[in-house]
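Student: Counting from -4, one number per residue, gives the positions in the sequence shown under the working numbering. Input: one structure, supplied below.
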Amino acid sequence: MENILKKSYKMFINGKWVNSSNGIMVKTYAPYNNELLSEFPDASENDVDLAVKSAKEAFKTWRKTTVKERAKILNEIADIIDEKKDLLATVETMDNGKPIRETKLVDIPLAATHFRYFAACILADEGKATILDEKFLSIILKEPIGVVGQIIPWNFPFLMAAWKLAPALAAGDTVVLKPSSSTTLSLLVLMELIQNVIPKGVVNLITGKGSTAGEFLKNHPDLDKLAFTGSTAVGRDIALAAAEKLIPATLELGGKSANIILDDADMEKALEGAQLGILFNQGQVCCAGSRIFVQEGIYDEFIEKLVKKFENIKIGNPLDPTTVMGSQIDARQVKTILDYVEIAKQEGGTILTGGVKYTENGCDKGNFVRPTLITNVKNTCRVSQEEIFGPVAVVIKFKTDDEVIAQANENEYGLGGAVFTKNINRAFRIAREIQTGRVWINTYNQIPEHAPFGGYKKSGIGRETHKVILEHYTQMKNILIDLEEGTSGLY
-4 MENILKKSYK MFINGKWVNS SNGIMVKTYA PYNNELLSEF PDASENDVDL
46 AVKSAKEAFK TWRKTTVKER AKILNEIADI IDEKKDLLAT VETMDNGKPI
96 RETKLVDIPL AATHFRYFAA CILADEGKAT ILDEKFLSII LKEPIGVVGQ
146 IIPWNFPFLM AAWKLAPALA AGDTVVLKPS SSTTLSLLVL MELIQNVIPK
196 GVVNLITGKG STAGEFLKNH PDLDKLAFTG STAVGRDIAL AAAEKLIPAT
246 LELGGKSANI ILDDADMEKA LEGAQLGILF NQGQVCCAGS RIFVQEGIYD
296 EFIEKLVKKF ENIKIGNPLD PTTVMGSQID ARQVKTILDY VEIAKQEGGT
346 ILTGGVKYTE NGCDKGNFVR PTLITNVKNT CRVSQEEIFG PVAVVIKFKT
396 DDEVIAQANE NEYGLGGAVF TKNINRAFRI AREIQTGRVW INTYNQIPEH
446 APFGGYKKSG IGRETHKVIL EHYTQMKNIL IDLEEGTSGL Y
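Structure follows, in structure tokens:
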């Protein structure tokens, strides 16, 4: 299977594949067996500078391309992704450790759809002109913002790149793209596939460590915008770097989302929703439903059934199409997860299931963790408040709707959340009261285009997966035309 990958990759700058000027390479390993997959350059400051300069030069012509031309390119990229979906899904699974069934059904097809969606958005945009007081004609134009530095996380490398790349190209911007050093390969393969579709310098892909290449990109003085998905701590650094340059930044950051199960919920939908919320992508999701609130009338029944569901999850080689849950990203993440399990025990928590590494069925060499449920902890405990980023959920009993609303909001994050109930009035009221950017009702972790996604509080700034993100990748220009024949009489 590994034969689909090259032993070594280069970066893509100004339409060419280049090595790093410092000669340093970064090795990348398969998280499910820790075997070497490939290597790629660790971009130097000179490499990043070259990428930004290339994007800046390309912007001079790319910004003037017609909407039809840009939409055509976006649709061509989508077609290529669809045509090569099996290859891209396999590379994504090998590099990230998520199950092949997820990359084939979610990550890759949704990425293609995002390119088509933004192609349609710009084709449908008709602009605006308004007469003001019969004196002026006001024309509003949206112009591309310029060179955008985009930093992509390791949990959804291919899909999150599409979330950022598609609207930036649609808006007429040029891009310097920096994937995580943990998950770089799928984007390198994508660039190989689309390199002849995109004009030279419009998309530049630099690779390397966040502490080197990422820092060089974040701090480059010639960027016109930054876009980042990742932890809240790093997001704050990105925001500060943008502020120093007086440029905008869009940030999709951490979360500790509430998954609320009311006593009138459909039991099977709620059980599925709890699993979707915390087991999808091994719980490595910013909006993961890691706080499961269950109303007291169904608490015991729900817990008993959910434990059985968790214990029946098939963990294994993510390339096996029957695998439901793959590996965590690396050994460090496994340690973080298991450290939080120990913290839960110290806080008086009960581990109902999981809480340990999974080493069966050939998984002993990889980074696997059993699905974990923790009870007997308060909403104020660390495991209930801090982002764990793994298949670990706390389950908290509640009595009333007002009580669970207060507990859901008792957190510094506000990215996602869900309500399971058959009563739409209850669902809508709770959804309105929860301080979060996305609330699902009777489902979880659905991320279609058309629906804006982003956070309240410390979960970020801005919205993606919706045409509103085009506002963040453009600048508004107003042309005001005097319609009166004479002078104003002021002078």
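Yeah, the Cβ is synthetic: ideal placement off N, Cα and C, and Gly gets one too.
(1) Does Y4 pass the burial test, meaning 16 or more other C-beta atoms within 10 Å, or should it be called exposed?
(2) Is the number of C-beta pairs between the segment 25 to 40 and the segment 170 to 184 that are closer than 8 Å three or more?
(3) State the Cα-Cα distance for the pair E40 and I146, rounded to the nearest angstrom.
(4) State whether the segment 237 to 255 contacts the segment 404 to 419, with contact taken as three or more CB pairs (one from each stretch) at a distance under 8 Å.
(5) Does the separation of the CB atoms of N9 and K159 fall below 7 Å?
(6) Taking V143 as part of the beta strand (DSSP E), name the residues at either end of that continuous run.
(7) To the nearest angstrom, report how far apart A269 and T348 are at their CA atoms.
(8) Does the beta-carbon of I474 have 16 or more other beta-carbons within 10 angstroms, so that it is buried, or is it exposed?
(9) Would you call the segment 455 to 464 and the segment 287 to 302 in contact, with 3 or more CB pairs under 8 Å?
(10) Hey, would you say E405 sits closer than 7 Å to N371, going by beta carbons?
(11) What are the start and end residues of the alpha helix (DSSP H) that includes Q190?
(12) Would you call the segment 205 to 214 and the segment 227 to 236 in contact, with 3 or more CB pairs under 8 Å?
(13) Once the 5 residues before and after A157 are set aside, which same chain residues still bring their CB inside 6 Å of it?
(14) Are there 16 or more other CB atoms within 10 angstroms of the CB of K220, so buried, or fewer, so exposed?
(15) Note down, in chain order, each residue of its chain lying with its Cβ closer than 7 Å to the Cβ of A50, except the 5 sequence neighbours on either side.
(16) Taking the alpha-carbon positions, what's the V47 to E381 distance?
(17) What number of angstroms, rounded off, separates the C-alpha of T88 from the C-alpha of F151?
(18) Between A388 and L368, is the Cβ-Cβ spacing less than 7 Å?
(19) What does a CB cutoff of less than 6 Å around S226 pick up in its chain, not counting 5 residues either side in sequence?
(20) Can you check whether the CB of Y451 is closer than 7 Å to the CB of G481?
(21) Measuring straight from C-alpha to C-alpha, what distance separates N17 and K173?
(22) Under 8 Å by Cβ, that's how I've got R365 and G343 pegged, so tell me the actual separation to the nearest angstrom.
(23) Under a three-way DSSP split, which group does R286 fall into?
(24) Using a threshold of 7 Å, state whether the C-beta atoms of F415 and A283 are closer than that.
(25) With P545 as the anchor, note down where its beta strand (DSSP E) starts and where it stops.
(26) Please report how far the alpha carbon of K63 lies from the alpha carbon of L118, in whole angstroms.
(27) Would G278 and P94 qualify as a contact pair, given that the criterion is a beta-carbon distance under 7 Å?
(28) If we call anything under 7 Å between Cβ atoms a contact, is P162 one with F131?
(29) Just tell me which of F297, I201, K240 has its CA closest to the CA of E267.
(30) Rounded to whole angstroms, what's the CA-CA distance from D261 to K417? Just pull it up for me.
Tutor: Judging by the given coordinates:
(1) buried
(2) yes
(3) 16 Å
(4) yes
(5) no
(6) 142 to 146
(7) 15 Å
(8) exposed
(9) no
(10) no
(11) Unbroken run through Q190: none, as it is neither H nor E.
(12) yes
(13) A106, H109
(14) buried
(15) V142, T169, V170, V171, G196, N199
(16) 36 Å
(17) 10 Å
(18) yes
(19) G249
(20) no
(21) 17 Å
(22) About 21 Å separates the two Cβ atoms, so there is no contact after all.
(23) strand
(24) no
(25) Residue 545 lies beyond the residue range present for the chain, which begins at -4 and ends at 486; the question has no answer from this structure.
(26) 7 Å
(27) no
(28) no
(29) F297
(30) 7 Å
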